Structure formats: C-alpha cells, structure tokens
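S.K.: This is the structure I have questions about; it appears just below.
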Amino acid sequence: MCELLGMSANTPTDLCFSFTGLTRRGGGTGPHKDGWGVAFYEGKGVRLFHDPEPCATSPIAEFVGKLPIKSKTAICHIRQANVGNINLANTHPFVRELWGRNWVFAHNGQIPGFFRRVGMYEAIGDTDSEELFCDIMNQVRHSLPRDAMPEQLTQVLVGLAQEYARQGVFNCLLSNGDWLFTFCSTKLASITRRAPFGPACLKDVEVEIDFAAETTPKDVVSVIATEPLTSDEQWDVYERGEWRLWQLGEVVASGKVEVPVHSTEAALTSPKNMPSDCEPRPGQR
696 MCELLGMSAN TPTDLCFSFT GLTRRGGGTG PHKDGWGVAF YEGKGVRLFH DPEPCATSPI
756 AEFVGKLPIK SKTAICHIRQ ANVGNINLAN THPFVRELWG RNWVFAHNGQ IPGFFRRVGM
816 YEAIGDTDSE ELFCDIMNQV RHSLPRDAMP EQLTQVLVGL AQEYARQGVF NCLLSNGDWL
876 FTFCSTKLAS ITRRAPFGPA CLKDVEVEID FAAETTPKDV VSVIATEPLT SDEQWDVYER
936 GEWRLWQLGE VVASGKVEVP VHSTEAALTS PKNMPSDCEP RPGQR
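If you read the sequence shown in our numbering, its first letter stands for residue 696, the second for the next number, and so on.
Structure, rendered in structure tokens:
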C-alpha cells in the first residue's frame, strides 16, 4: 500500500524533517518504490515535484529534502503500485482547478473496478486513485455552489469518502490550500507540535531535531501520516472511518462514519517500518 504525508500549520513551515523520514520508506526501509510526489501550497499557487523513481534513491527527492520550502499546507505521497503502470502520469498527488483554486489529492488504498461518474473532470493516467479524485471534483462541483460554506463542503466530502470506503480501502488527503481534509479507512495518524517544543527522532533514518531551536512559541504544526514517522513522540492514531478537517494546524471539524472491513486489507497493509537509533543532524525540521 502507498503512504501519505500531510502538513497543516499556522505559519509557513518547511517539511524537510518529515519528508526525509518518509522518503526512506520509498525503496529503503519500505516497499513503496513506484514513484513519489509532493505539493507545497504558496497562497493559491502550488509548487509540485513528481518522480516515478524510488524516492529513497531519487536525486530529485534528495534535492527537495534539502530545500526549506515553507508552506502552511503540504501533501506528499509515496507509491506502491497496485493499479496502473509505473509512470509520471500515475504519480500522486494529483491536481485539478475548481472555483479558482488548486485542489490537491493523494490516496492510499485500492478500490477494484472503480469508475467515476460522468463529469467534466477526467483522469490522465490509469489509476483508481485519479478516477476517485475526478469523481470527487465532479460531485463537489455538481452538488455545491461556488460560495459553499466549509460545513457544506465537509458534509459532501464525508459522504463521498464513506461511499468509497464501502467499496474498498480509501485513506486520503485533500486540500484547496485553505484547509486539509483527511479520511481514514484503515490507517492514519497525526501529531500536533506546539510550545513547549522538544526533540524528535525519525524512525527510518538516523536524524534527530530539536524543534525548540527551529520554532517560535506561537507556532502550531500538525503532521498527518499513514504510519508515525518518529520513534519518541506520541502520535494520535485515527479510528476506522474517522475524518478530520484541518486548518492552520488545528482540527476545526471531525467525526466518524461506519465503514466495513474488507477481505483484501491484509494484502494491502504496509510492513512495519524498521526502527533506528538517532544521531543528531542539524538543519532540518
């Protein structure tokens, strides 16, 4: 199964620390070697990087991991292909425009035989994930007015997520740059870092950071991932069917819906990540 990484913060923040840990799982400590991508929001703009190569050995991923790109909202995905060829068109996250905003989506799971409903948005690649994203965009555009309130939008997104989760495994991250919607079908966890900040150690690579030296007392930074990325922090594990809407690092709405357990879930579950001891490395957060 693929792995997800999202960030919501109240101040422009770089993703270098978490991104470094995640990329090791892309062909290093994990099997997700079929491509990777990351999207950083900058206002209404999106800075995108995609690569169909394993991120653990990708020069592009190494380059991005050293760039202190600051964003309030970011979405990252590493892929273990189960539907669709390994190529650039099938690499998450996917982006579409709606109502003058860039909407970014990444999916973890599989819904066999899924076909989107008819609408203006069409898939470029051949993954069920992109078909799901296009279906979401078509349904949101069809169901809601341009000036829909967040409560209306959330109601539609939760209904669609539950519908998809009844058909297969559907863990997702979705954002328009203002908010970050997260849904857990099988696996998702989060951590919110705020003052007083302390140190943290990545699970998958020997990197440690002291957030107190990199932040201000007013900073709030939340990270959402398929599997916890650090070994010495307490992550909040989502329940099956749980959804949360994030904005500026905080949960502004949340809930839980009923979703079934599918017989294919065991085959789609990622292996546990290999822990490692820490050796401090400055300059990343």
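Built from N, CA and C at the ideal position, the CB exists for glycine as well. A quick note: this is a predicted structure, and the numbers were derived from the prediction, not measured.
#1: Which of the three DSSP states, helix, strand or coil, is assigned to Phe878?
#2: When you compare the CB positions of Glu698 and Thr925, do they come within less than 8 Å of one another, or not?
#3: Would you tell me roughly how many angstroms separate the C-alpha atoms of Ala776 and Leu869, rounded to the nearest one?
#4: In three-state DSSP terms, what is Pro845?
#5: For the pair the segment 716-726 and the segment 744-757, tell me if three or more CB-CB distances fall below 8 Å.
#6: Is it true that the segment 848-862 meets the segment 885-892, where meeting means three or more beta-carbon pairs spaced less than 8 Å apart?
#7: Would the segment 703-714 count as touching the segment 943-960 if we require 3 or more Cβ pairs under 8 Å?
#8: Can you tell me which of Glu903, Phe712, Asp873, Arg811 puts its alpha carbon nearest to the alpha carbon of Val759?
#9: Would you list the one or two residues that DSSP bridges to Asn803?
#10: Using a Cβ-Cβ cutoff of less than 8 Å, which residues in the same chain neighbour Lys739 once the five nearest sequence positions on both sides are dropped?
#11: Using CA atoms only, rank isn't needed, just tell me which of Lys898, Val813, Gly779, Ser824 is closest to Val799.
#12: In angstroms, rounded to a whole number, what distance separates the CA positions of Pro707 and Lys913?
M.R.: In brief:
#1: Taking the first residue of the sequence shown as 1, we reach residue 878 at position 183. The answer is strand: DSSP assigns Phe878 an E or B state.
#2: Here residue 698 refers to the residue found at position 3 when the sequence shown is read from its first residue. Here residue 925 refers to the residue found at position 230 when the sequence shown is read from its first residue. No, Cβ-Cβ distance for Glu698 and Thr925 is not below 8 Å.
#3: Position 81 of the sequence shown, counted from the first residue, corresponds to residue 776. Position 174 of the sequence shown, counted from the first residue, corresponds to residue 869. About 20 Å.
#4: Within the sequence shown, residue 845 is the residue found at index 150, counting from 1. If DSSP states are grouped into helix, strand and coil, Pro845 belongs with the helices.
#5: yes
#6: no
#7: yes
#8: Taking the sequence shown and counting its residues from 1, the one referred to as residue 759 is at position 64. Nearest of Glu903, Phe712, Asp873, Arg811 to Val759, Cα basis: Phe712.
#9: In the sequence shown, the residue the question calls residue 803 occupies position 108. Asn866.
#10: The residue given as residue 739 occupies position 44 in the sequence shown. So the qualifying residues of the chain are Gly795, Arg796, Asn797, Gly872.
#11: If you number the sequence shown from 1, residue 799 lands on position 104. Answer by Cα proximity: Ser824.
#12: Here the question's residue 707 lines up with position 12 in the sequence shown. Here the question's residue 913 lines up with position 218 in the sequence shown. Going by the C-alpha atoms only, they are around 12 Å apart.
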